[in-house]
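Sequence lines, in order, name chains A and B. Quick note, my numbering runs 8 ahead of the 1-based positions in the first sequence. Quick note, my numbering runs 24 ahead of the 1-based positions in the second sequence. All C-beta atoms, glycine included, are put in the ideal place defined by N, C-alpha and C. Encoded as structure tokens, the structure appears first; notes follow it.
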Amino acid sequence: SAVISQKPSRDICQRGTSLTIQCQVDSQVTMMFWYRQQPGQSLTLIATANQGSEATYESGFVIDKFPISRPNLTFSTLTVSNMSPEDSSIYLCSVDNYSYNEQFFGPGTRLTVL
Amino acid sequence: KQEVTQIPAALSVPEGENLVLNCSFTDSAIYNLQWFRQDPGKGLTSLLLIQSSQREQTSGRLNASLDKSSGRSTLYIAASQPGDSATYLCAVRFMNTGFQKLVFGTGTRLLVSP
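In structure tokens:
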């Protein structure tokens, strides 16, 4: 299984600011995924990030709000831009074990927007 | 639209009981199904992965079954312990939404009391 770390683990931010979340994996992976979990809700996929190409966003999520970088095969960042209280969520990074299509998750970043 | 539903939403049992968590999905054309555990405010831990060709998987006190034709999976926990208290999430990889995307259920919040 992959070992995934995220920074920061939590943050409290002011409305209108932006936060960049980092995700580091201990092995090279083709695809990395970013999920959001709003309070009391299940997980929703934001986007899929491939190295060397633009991220693919799910319906309801746009690049201007959630820009993603994928500079190499072990690292990705998700930025939450122009934040509002509705962006308060846990943001999770995930990777896929391509051999078995088993997905693994990082510890998450708990974001609170005031 | 592919959806995943979990029943019950919450479950409280005394220590030592055997219990069953249910997951249903709307489309039988799936690649696989994965059960996760999530502790409060934390990331997800993969428990069991069942490929579409399999009927069940076992790991320790956990047993997951899959019945594709009826769109159901169950997670059986034997001899429950207080340390099993967590939210359990079922996630399905549907063929029609692409093998990269996991669709999550709403979760079952389990409390095992000593």
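Taking the CA atoms as reference points, residue 57 (chain A) sits about 38 angstroms from residue 136 (chain B). For residue 90 (chain A), there is no enclosing beta strand (DSSP E), as DSSP marks it with neither H nor E. When rounded, the separation of the alpha-carbon atoms in residue 86 (chain B) and residue 103 (chain B) is 10 angstroms. Contiguous beta strand (DSSP E) elements confined to the region 39 to 110 of chain B occur at 43 to 49, 54 to 62, 68 to 75, 80 to 83, 86 to 91, 96 to 101, taking only those with 3 or more residues. If only uninterrupted beta strand (DSSP E) runs of at least 3 residues are considered, those enclosed by the region 34 to 103 of chain A are 39 to 45, 51 to 58, 76 to 80, 83 to 88. In this structure residue 117 (chain A) is buried. Its beta-carbon is surrounded by 16 or more other beta-carbon atoms within 10 angstroms. Linking residue 122 (chain A) to residue 93 (chain A) through their CA atoms gives a straight-line distance of about 6 angstroms. A residue is called buried once 16 or more other Cβ atoms fall within 10 Å of its Cβ, and residue 78 (chain A) is buried on that count. Residue pairing from DSSP places residue 115 (chain B) in a beta bridge opposite B:58, B:128. Per the coordinates, the alpha-carbon of residue 11 (chain A) lies some 17 angstroms from the alpha-carbon of residue 43 (chain A). By the neighbour-count criterion, in which 16 or more other beta carbons inside 10 Å mark a residue as buried, residue 34 (chain A) falls on the exposed side. With a threshold of 16 other beta carbon atoms within 10 Å, residue 102 (chain A) meets it and is buried.
With respect to the C-alpha of residue 49 (chain B), the residue from B:107, B:39, B:125, B:91 having the closest C-alpha is B:91.
Excluding the 5 residues flanking it on each side, residue 119 (chain B) has same chain C-beta neighbours closer than 7 angstroms at 53, 54, 55, in chain order. Per DSSP, the beta bridge partners of residue 30 (chain B) are B:47. For residue 111 (chain A), the uninterrupted beta strand (DSSP E) run begins and ends at 110 to 113, by DSSP.
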